[in-house]
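A quick write-up on the structure given underneath.
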Amino acid sequence: MPTPLPETAVPHTRGRTLDHAAAVYDILAPVMTLGQEGRYRALAIRLLNLRGSECVLDVGCGTGILTRQLAERLSGADACAVGLDAAPKMIKVAQRHARGLPHLRFDVGVAETLTYGDASFDCAVSTFFFHHIDADLKRRSLEELRRVLKPGGKLIIVDVDVPSNWFGRLCAWSGYWLFKQEEIRENICGELRRALADTPFREVTRVAHYSGYVTVFQVVK
Ligand SMILES: C[S@@+](CC[C@H](N)C(=O)[O-])C[C@H]1O[C@@H](n2cnc3c(N)ncnc32)[C@H](O)[C@@H]1O
549 MPTPLPETAV PHTRGRTLDH AAAVYDILAP VMTLGQEGRY RALAIRLLNL
599 RGSECVLDVG CGTGILTRQL AERLSGADAC AVGLDAAPKM IKVAQRHARG
649 LPHLRFDVGV AETLTYGDAS FDCAVSTFFF HHIDADLKRR SLEELRRVLK
699 PGGKLIIVDV DVPSNWFGRL CAWSGYWLFK QEEIRENICG ELRRALADTP
749 FREVTRVAHY SGYVTVFQVV K
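Okay, so the sequence shown: first residue is 549 according to our numbering, each after it adds one.
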């Protein structure tokens with residue numbers, strides 16, 4: 549299993565971390581995603597198409613529900629699902645949920661400076677993380693994800709994107725006004741798409757689009 553640096557060495561991040569919301573995140577998240585989060589997770593898992601022996605990284609894992617679901621699909625001796633989040637309190641909740649499940653680990657860390665070795669993961673996933681980091685960090689995090697992925701490794705990203713209809717515009721801009729979060733506006737204005745296009749991945753495909761503002765990207769190194 550790829551090992552991280554000790555928690556004391558985790559650098560500060562400009563990303564919007566959610567320590568303050570860790571205790572209530574699992575109650576609030578379904579409201580924020582209009583009850584669709586289970587659907588997004590199911591699609592991400594289907595697209596990753598795990599055979600059971602992989603090492604998979606969940607970046608900005610929050611309370612780690614998806615990371616746990618990934619670990620449940622692993623069986624190989626060296627298989628691992630690693631959830632990484634910059635908020636130590638989120639990681640504490642995730643570890644509580646983990647209940648000793650094998651092949652599962654949670655690390656405190658920042659996506660823009662991953663402490664794992666080159667090509668140490670078969671695949672990676674990120675749900676609703678990229679609207680928590682600014683344009684520069686989006687690019688640095690994508691570079692880092694590309695570095696830690698094996699050649700041909702797949703990355704699935706589910707996030708706020710350019711709205712495609714009036715309902716999507718309403719939801720996405722409401723999120724921006726509610727949280728006063730510039731990083732959401734950047735995603736609405738296409739910054740995540742541009743950052744993906746600028747990172748030398750072999751392939752970037754938009755495979756699904758939900759509620760007029762959430763896009764699922766499939767990316768191959
Ligand atoms: C909206 S939550 C998404 C959690 C989970 N993936 C989900 O879909 O429910 C975004 C998470 O990103 C984390 N985060 C913010 N900046 C980060 C960074 N630079 N590196 C890693 N995680 C970060 C926050 O602490 C938060 O837990």
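Think of the CB as a built atom: it goes at the ideal place given N, C-alpha and C, for glycine as much as any other residue.
Only a predicted model underlies this, so the values are computations on that prediction, with no experimental measurement involved.
Give the DSSP-derived three-state secondary structure of residue i in the structure shown.
| i | result |
| --- | --- |
| residue 584 | coil |
| residue 727 | helix |
| residue 695 | helix |
| residue 668 | coil |
| residue 674 | strand |
| residue 715 | helix |
| residue 761 | coil |
| residue 641 | helix |
| residue 681 | coil |
| residue 579 | helix |
| residue 632 | strand |
| residue 659 | helix |
| residue 753 | strand |
| residue 769 | coil |
| residue 649 | coil |
| residue 598 | coil |
| residue 709 | coil |
Can you tell me the Cβ-Cβ gap for residue i and residue j, rounded? I've got them flagged as a contact below 8 Å.
| i | j | result |
| --- | --- | --- |
| residue 609 | residue 669 | About 13 Å separates the two Cβ atoms, so there is no contact after all. |
| residue 759 | residue 715 | 7 Å |
| residue 755 | residue 605 | At roughly 19 Å, the Cβ-Cβ gap does not stay under 8 Å, so residue 755 and residue 605 are not in contact. |
| residue 677 | residue 740 | The pair is not a contact, with the Cβ atoms about 10 Å apart (cut-off 8 Å). |
| residue 614 | residue 598 | About 12 Å; that fails the 8 Å criterion. |
Comparing C-alpha positions only, which one of the options sits nearest to residue i?
| i | options | result |
| --- | --- | --- |
| residue 560 | 634, 607 and 671 | 634 |
| residue 658 | 730, 643, 640 and 636 | 636 |
| residue 752 | 728, 661 and 694 | 694 |
| residue 746 | 729, 767 and 757 | 767 |
| residue 699 | 646, 709, 672 and 645 | 672 |
| residue 646 | 620, 667 and 583 | 620 |
| residue 764 | 587, 601, 562 and 571 | 587 |
Taking Cβ positions only, does residue i come closer than 8 Å to chain D?
| i | result |
| --- | --- |
| residue 759 | Among the protein chains of the structure shown there is no chain D, as only one such chain exists. |
Using 8 Å as the Cβ pair cut-off and three pairs as the minimum, do the segment 717–729 and the segment 684–695 touch?
Contact between the segment 717–729 and the segment 684–695 is absent, because fewer than three Cβ pairs lie under 8 Å.
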